Ligand code: C5P
């Protein structure tokens, strides 16, 4: 069974997908974490993310693995390192490179053919698994999405403003939605859920009720 959960940044995809994976006892793959891991590696090596050739070269010699709720980049756990504002600000430039996507999608499809899995991302229902058993597209207003991210970042010591975070998110969504290859898009047959004003449990319930 494949469950695809797509949508813009901060719509609640990863929180919801994790809980559903637990509930249904299936695997969870955070596909955004893969693009983040490549971005983190580029930044660590001083590679300019606008230099496509150089980014592709990095992606080709990158090993990404998911085990025990951890993400491994070249055998090292990078759960927190890939969630910084710097990685967020650069990831969409890495993710718009077709060759990088091919490499990541190969891994995602390989995992999906071996296991029952819920994947969250931008193009899972529209491109990676067009025949997924269930497809959801989560949305929320930019203000609500910004508030969620802002809260997360403040817990980690962020001292900027909510407006900055809303701007970051809108910029990322714009690049993700307008890239040429496999953009952020609702698949025609995906169920759209507006999570604005909904609690986590309510969204999980809305998704699980469709799966039953
Ligand atoms: O889900 P998250 O916000 O962590 O994703 C980070 C970035 O990775 C997105 O903004 C997007 O550029 C990219 N991404 C993608 N395709 C996916 C998942 C994420 O392009 N399936």
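Numbering (UniProt numbering), first residue to last: 1 to 212.
Note that CB positions come from ideal geometry on N, CA and C, so glycine has one too.
Since the model is a prediction, treat every value here as computed from it, not as a measurement.
Put simply, of 133, 171 and 22 the residue whose alpha carbon is nearest the alpha carbon of residue 91 is 171.
Distances from the CB of residue 123 to the heavy atoms of ligand 1 include at least one below 7 Å.
Assigned with DSSP and collapsed to three states, residue 117 falls in strand. For residue 9, there is no enclosing alpha helix (DSSP H), since its DSSP letter is neither H nor E. The residues 59, in chain order, have a CB closer than 6 Å to that of residue 103 in the same chain once the five nearest residues on each side in sequence are set aside. Around the C-beta of residue 1, fewer than 16 other C-beta atoms lie within 10 Å, and the residue is accordingly described as exposed. Straight-line spacing of the CA atoms in residue 195 and residue 201 works out to 11 Å. Looking at the backbone, the Cα of residue 94 and that of residue 127 are separated by about 18 Å. Judged by beta-carbon spacing, residue 129 lies beyond the 8 Å limit of residue 9, meaning their Cβ atoms are not closer than that value. Taking 8 Å as the upper bound for CB-CB distance, residue 81 and residue 181 are not in contact here, some 27 Å apart. In this structure, the CA atom of residue 210 is about 44 Å from the CA atom of residue 47.
A distance criterion of 7 Å places the beta-carbon of residue 32 in contact range of ligand 1, judged by its closest non-hydrogen atom.
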